[in-house]
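The opening position of the sequence shown corresponds to residue 0 in numbering that gives the first Met the number 0, with each subsequent residue numbered one higher.
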Amino acid sequence: MEESLGANRSFLFASVAVTFGLAGAARAAIPPAAAQLDEVVVTATRRAENLIDVPVSAAVASGQTLERLNLNSAEDLPRLAPGLTIAGYNTPRGAGFKVRGIGTNVFADGIEQSVGTVVDGIPLARAGQGLADLIDVDHVEVLRGPQGLLFGRNASAGLINIVTRLPTMTPSLAADVSYGSGNQVKAAGSVSGPVSKDVQGRLTAYLTKEDGLVHNIGTGKDYDGRDEYGVRGQLRWVPTEALDIVLRADWSKRNNDCCVWTVNQFATRATDPRASAAFLSSITGPISQGPGSRDVNLRGQIFNLSENAGGSMEVNYKLGAYTLTSLTGYRTWDQKDNNDADLSPLNVLDRNYGGNNLNQFSQEIRLTSPKDRFIDFVAGLFYYDSSNDGSFQQVGRFTIGLAQAQAAGANLTLAPGVVLPAAQNFGRDVNTTIRVRDEAAFGQANVNFTPRTRLILGARLTDTRVSMDFARVGTPGANAFNFVLGAAFAPLAFNVETSDTSLSWRAGLAQDVGERGNLYATVTRGYKGPGFNNLLDVVIPVGTTPQDFTRVRPEVPTSFEAGYKAELFERRLRLNLAAYYTGFKDFQAQVVEPQPNGLSSYAIRNAGKLISKGFEGDATFAATANLTLGGSASYNDAYFESFLAASCPTAGALVTTPGAFCGPLLAGGANRTSFDASGRDAPGAPKWTGNLNFDYRHALEGGTWEGFAQGLFNWRSSTTFALYPANIPNPTVQRAYGLVNLTAGVSNEKLGTTLSVFVNNLFDKQFAQSLSGLPFDAIGGVLQFVNRDAERTLGIKISVRR
Numbered sequence: 000m001e002e003s004l005g006a007n008r009s010f011l012f013a014s015v016a017v018t019f020g021l022a023g024a025a026r027a028a029i030p031p032a033a034a035q036l037d038e039v040v041v042t043a044t045r046r047a048e049n050l051i052d053v054p055v056s057a058a059v060a061s062g063q064t065l066e067r068l069n070l071n072s073a074e075d076l077p078r079l080a081p082g083l084t085i086a087g088y089n090t091p092r093g094a095g096f097k098v099r100g101i102g103t104n105v106f107a108d109g110i111e112q113s114v115g116t117v118v119d120g121i122p123l124a125r126a127g128q129g130l131a132d133l134i135d136v137d138h139v140e141v142l143r144g145p146q147g148l149l150f151g152r153n154a155s156a157g158l159i160n161i162v163t164r165l166p167t168m169t170p171s172l173a174a175d176v177s178y179g180s181g182n183q184v185k186a187a188g189s190v191s192g193p194v195s196k197d198v199q200g201r202l203t204a205y206l207t208k209e210d211g212l213v214h215n216i217g218t219g220k221d222y223d224g225r226d227e228y229g230v231r232g233q234l235r236w237v238p239t240e241a242l243d244i245v246l247r248a249d250w251s252k253r254n255n256d257c258c259v260w261t262v263n264q265f266a267t268r269a270t271d272p273r274a275s276a277a278f279l280s281s282i283t284g285p286i287s288q289g290p291g292s293r294d295v296n297l298r299g300q301i302f303n304l305s306e307n308a309g310g311s312m313e314v315n316y317k318l319g320a321y322t323l324t325s326l327t328g329y330r331t332w333d334q335k336d337n338n339d340a341d342l343s344p345l346n347v348l349d350r351n352y353g354g355n356n357l358n359q360f361s362q363e364i365r366l367t368s369p370k371d372r373f374i375d376f377v378a379g380l381f382y383y384d385s386s387n388d389g390s391f392q393q394v395g396r397f398t399i400g401l402a403q404a405q406a407a408g409a410n411l412t413l414a415p416g417v418v419l420p421a422a423q424n425f426g427r428d429v430n431t432t433i434r435v436r437d438e439a440a441f442g443q444a445n446v447n448f449t450p451r452t453r454l455i456l457g458a459r460l461t462d463t464r465v466s467m468d469f470a471r472v473g474t475p476g477a478n479a480f481n482f483v484l485g486a487a488f489a490p491l492a493f494n495v496e497t498s499d500t501s502l503s504w505r506a507g508l509a510q511d512v513g514e515r516g517n518l519y520a521t522v523t524r525g526y527k528g529p530g531f532n533n534l535l536d537v538v539i540p541v542g543t544t545p546q547d548f549t550r551v552r553p554e555v556p557t558s559f560e561a562g563y564k565a566e567l568f569e570r571r572l573r574l575n576l577a578a579y580y581t582g583f584k585d586f587q588a589q590v591v592e593p594q595p596n597g598l599s600s601y602a603i604r605n606a607g608k609l610i611s612k613g614f615e616g617d618a619t620f621a622a623t624a625n626l627t628l629g630g631s632a633s634y635n636d637a638y639f640e641s642f643l644a645a646s647c648p649t650a651g652a653l654v655t656t657p658g659a660f661c662g663p664l665l666a667g668g669a670n671r672t673s674f675d676a677s678g679r680d681a682p683g684a685p686k687w688t689g690n691l692n693f694d695y696r697h698a699l700e701g702g703t704w705e706g707f708a709q710g711l712f713n714w715r716s717s718t719t720f721a722l723y724p725a726n727i728p729n730p731t732v733q734r735a736y737g738l739v740n741l742t743a744g745v746s747n748e749k750l751g752t753t754l755s756v757f758v759n760n761l762f763d764k765q766f767a768q769s770l771s772g773l774p775f776d777a778i779g780g781v782l783q784f785v786n787r788d789a790e791r792t793l794g795i796k797i798s799v800r801r
């Protein structure tokens, strides 16, 4: 504990020194040859504005920065945006970002994410759609706090706004090829230029391949590699000064043997005194455990296949000083995945399959006023419609004892007159169709009392309708499931719908200070619509209909934020500081619920209230004409103020003292499935995150070549990934860690060529993306998700710009 606290203090002091001390350093001595910082333009208010004029806490990464630091995946963004995190996942259906410790990582298709993703103005229905590589992007904005007012969909905690590069009239070519550890090959290229007098075009393509990281000692196969490729095209037609039309289309495919967890620790008699506590470790063979574990011993299939495609049309028409914008988008996402959930050679749950076929359509019409008015505004109408056909199948013996008996050739008597042959599986299929329709009217205005003082007012009226067709049936060839697994897996079919009309709003004040500074304070009411728990692997309480049991209420945050932004010392120093307090009513939480049959199931429940409060800041300083320094830090305290029904933290039945909540362990006690988590920290929400970075460039002798070096240090304080009651030690804690990435190389502007070498995770720091209970193990078993970032990687890169 003292080591962690000391490390936290060290990072805090370093971050404060960079964020605030740079101002003192610049004040003491400003080298005369220093360069100014480039202007940062964002579209956080649905119009192009300088970052310091926008009253929203935002982290912005340019496409050039992403390219220079070899960060070209959406999963790399947390390195540049403190307060943004993403946990490990075994399927993109359960992926999701968190902003300020808040996010939605759920498997249920009937629940939207709390952190939205928008690409070129089109909101994505599922977070997994946005996990593709960030290739040929102009910039990425990470907007913190509720953002659904202007961006069209559920974004109750924050938003990732990705803006790609537009076509150009000047012919250009860009290409990047890199090779790194794990046989990682990345290739990307784009061409841009005129197609005719009034039409410009841009074509971009990419390919990423990488060997697997996790090794199966039983079959010799490797998992968690990458095999991804895609293409994007744009046409821009500007027939008159008043009319600008952009057509976009993209397609990408992923064929990955992903995503496999490894063992952080097996259960033992020390963590669970029952005689069977060490059973899972005894049948998996000599696989390792701990942060460095990279091997498994399993027999089921592992795969993740996805195809992501879409198109959009953006029309901007000038009506005098006003601009009318139409943005039409259509997207599809077809994905299939399977994992061996028992992580063992036995057929406990070898088939754990999920598939989605998602189609979405959106239409937005927006009117933007000029800025030089007493009242300037953005207002519009929004329509969204999606349909998601889901198919989920689980097949296996389901309990380790049963799987072991059948593997030994035993026929089992399940009920009077019913015998399950040794080769027989249990199984069930769930098929769902979930439809969502949103209709909204929105607007935000600035009342400019003076050229330096303005009132901010905004509102969005949203009507949401969600429906679901649900059918749970037995798997062909495995239809004995109902005799052992009971009512939680029994056949069930029903239709359900829900609707809600909400008013979200924003109000605040902004005041210009100094020559290029801005103070602001806002209060925002956000919104995330209702949904369904379409998993339903639970026993529905007596007297409750399936329709009532599956509904999940809307999630409503209220956020208070105050900030200061400035460009100081002749635009040599840029500061962005913010403090916030957000309360989430009816937060939509994914929980794991043990069942009377000894199994566990994921479910979605509304927690009473979740609080997120803290502060964040970043600074960029042009120290000299050759050296740019940067730093950022985020402190976040996220906790449940009220959560009366959090799940007991185990993948198997938890035996407790009668009347006690989740412990202490006692053979023959009562089985409690939930506890009061009020006051407990939110999972996956580190208190401190931040980074320090530098970019140094120097002309080499002769002047035709330039040498450069770049560095990025990331820090994350200790993180707890699962809710545990106070009377049970929490094994899902990742200790604090820091990562150092370095890049160095040479470039020649005349040749348009850059050569570089890079090393990521220089000190080979091992860590887990996330930790949770190990399925089918006894109490104390912990799984972990790891990725290539958790080991040192080396590489070389060649870039061409013509």
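Built from N, CA and C at the ideal position, the CB exists for glycine as well.
**Message:** My assumption, with CB atoms under 8 Å, is that residue 681 sits in contact with residue 733. Please give the rounded CB distance.
**Reply:** With 8 Å as the limit, residue 681 and residue 733 do not qualify as a contact, their Cβ atoms being about 15 Å apart.
**Asked** Would you report the Cα separation of residue 523 and residue 557, rounded to the nearest angstrom?
**Response** Taking the Cα positions, residue 523 is about 6 Å away from residue 557.
**Request:** Excluding the 5 residues preceding and the 5 following residue 72 in the sequence, name in chain order all residues of the same chain whose CB lies nearer than 7 Å to its CB.
**Result:** So the list reads 132, 133, once near-sequence residues are dropped.
**CA nearest to the CA of residue 462, picked from 435, 324, 569, 400** = Scanning 435, 324, 569, 400 for the CA closest to the CA of residue 462 turns up 435.
**Request:** Pull up the DSSP beta-bridge partners for residue 517, would you.
**Result:** Per DSSP, 511, 564.
**residue 63, buried or exposed, once every other Cβ within 10 Å from all chains shown has been counted against 16** = With fewer than 16 other CB atoms across the displayed protein chains lying within 10 angstroms of its CB, residue 63 is exposed.
**Message:** Applying the 10 Å Cβ sphere with the 16-neighbour rule, what's the burial state of residue 443?
**Reply:** Residue 443 comes out buried.
**Request:** Return yes when the Cβ of residue 775 is within less than 9 Å of the Cβ of residue 89, no when it is not.
**Result:** No, they are not a contact pair.
**residue 87 classed as buried or exposed, judged by whether at least 16 other C-beta atoms fall within 10 angstroms** = By the 10 Å Cβ count, residue 87 comes out buried.
**Asked** Unbroken alpha helix (DSSP H) runs of length 4 or more, entirely within the stretch 534–558: which are they?
**Response** Within the stretch 534–558, the alpha helix (DSSP H) runs of at least 4 residues that lie entirely inside it are, in chain order, 545–549.
**Item:** Unbroken stretches of the beta strand (DSSP E), 3 residues or longer, contained in the stretch 113–159
**Value:** Within the stretch 113–159, the complete beta strand (DSSP E) runs of at least 3 residues are 114–118, 136–143.
**Request:** Assign residue 397 to one of three DSSP states: helix, strand, or coil.
**Result:** In the structure shown, residue 397 falls within a coil segment according to DSSP collapsed to helix, strand and coil.
**Request:** Could you spell out where the alpha helix (DSSP H) holding residue 62 opens and where it closes?
**Result:** If you look at residue 62, you'll find it in the alpha helix (DSSP H) that goes 62–67.
**Request:** Count the other C-beta atoms from every protein chain shown that fall within 10 angstroms of the C-beta of residue 439, then say buried if there are 16 or more, exposed otherwise.
**Result:** When all chains shown are included, residue 439 counts as buried.
**Request:** Would you mind giving the Cβ-Cβ distance between residue 118 and residue 158, rounded to the nearest angstrom? I have them listed as a contact below 8 Å.
**Result:** Actually they are not in contact, since the Cβ atoms of residue 118 and residue 158 sit about 11 Å apart, beyond 8 Å.
**Asked** Skipping 5 residues on each side, what residues in its chain have a beta carbon closer than 8 Å to that of residue 31?
**Response** A caution first: residue 31 carries a pLDDT of 43, below 50, which makes its placement in the model unreliable, though a value can still be read off. Sequence-distant partners of residue 31 (beyond 5 residues in either direction) whose C-beta falls short of 8 Å from its own C-beta are missing from its chain.
**Asked** Which of helix, strand or coil does DSSP assign to residue 288?
**Response** The three-state reading of DSSP puts residue 288 in coil, since its state is none of H, G, I, E or B.
**Request:** Could you tell me the boundaries of the alpha helix (DSSP H) in which residue 278 lies?
**Result:** Note, residue 278: alpha helix (DSSP H), 278–282.
**Asked** Based on the DSSP secondary-structure assignment, which residues constitute the bridge partners of residue 352?
**Response** 337, 392, per the DSSP bridge assignment.
**Item:** Spatially closest choice to residue 97 from 144, 224, 692, 55, by CA coordinates
**Value:** The candidate whose alpha carbon is nearest that of residue 97 is 144.
**Message:** For residue 698, count the other beta carbons within 10 Å of its own beta carbon; 16 or more makes it buried, fewer makes it exposed. Which is it?
**Reply:** Exposed.
**Asked** Can you tell me whether DSSP reads residue 787 as helix, strand or coil?
**Response** Here residue 787 sits in helix by DSSP.
**Message:** Can you tell me whether residue 74 is helix, strand or coil according to DSSP?
**Reply:** Here residue 74 sits in helix by DSSP.
**Inter-residue Cα distance where the pair is residue 174 and residue 708** = When rounded, the separation of the alpha-carbon atoms in residue 174 and residue 708 is 20 Å.
**Asked** Just how far apart, CA to CA, sit residue 105 and residue 605?
**Response** Their backbone Cα atoms lie some 13 Å apart in a straight line.
**Asked** Relative to the alpha-carbon of residue 270, which residue among 801, 615, 772, 561 has its alpha-carbon at the smallest distance?
**Response** Of 801, 615, 772, 561, the residue nearest in Cα terms is 772.
**Message:** My output table needs one value for residue 780: the three-state DSSP class, helix, strand or coil.
**Reply:** Three-state result, residue 780: coil.
**Asked** Skipping 5 residues on each side, what residues in its chain have a beta carbon closer than 6 Å to that of residue 803?
**Response** The question about residue 803 has no answer here: the residues shown for the chain are numbered 0 through 801.
**Item:** Host beta strand (DSSP E) of residue 430 (start-end)
**Value:** Counting along the chain, the beta strand (DSSP E) containing residue 430 begins and ends at 425–449.
**Prompt:** Taking the Cβ atom as the reference point for each residue, do residue 515 and residue 570 lie within a distance shorter than 9 Å?
**Reply:** Taking 9 Å as the cut-off, the Cβ atoms of residue 515 and residue 570 count as close.
**Request:** Identify whether residue 181 lies in helix, strand or coil by the three-state DSSP scheme.
**Result:** Residue state for residue 181 is assigned as helix, using DSSP reduced to three classes.
**Unbroken stretches of the beta strand (DSSP E), 3 residues or longer, contained in the stretch 668–733** = Scanning the stretch 668–733 from its first residue to its last, the whole beta strand (DSSP E) runs of 3-plus residues come out as 687–698, 705–715.
**Asked** Would you say residue 498 and residue 525 are within 9 Å of each other, going by their C-beta atoms?
**Response** Their beta carbons are not under 9 Å apart, which means residue 498 does not touch residue 525 by this criterion.
**Prompt:** Within 10 angstroms of its Cβ, does residue 678 collect 16 or more other Cβ (buried), or is it exposed?
**Reply:** With fewer than 16 other Cβ atoms within 10 Å, it is exposed.
**Item:** residue 639 - containing beta strand (DSSP E), residue span
**Value:** Element bounds for residue 639: 626–641.
**Request:** Would you mind giving the Cβ-Cβ distance between residue 141 and residue 57, rounded to the nearest angstrom? I have them listed as a contact below 8 Å.
**Result:** The pair is a contact, with the Cβ atoms about 7 Å apart (cut-off 8 Å).
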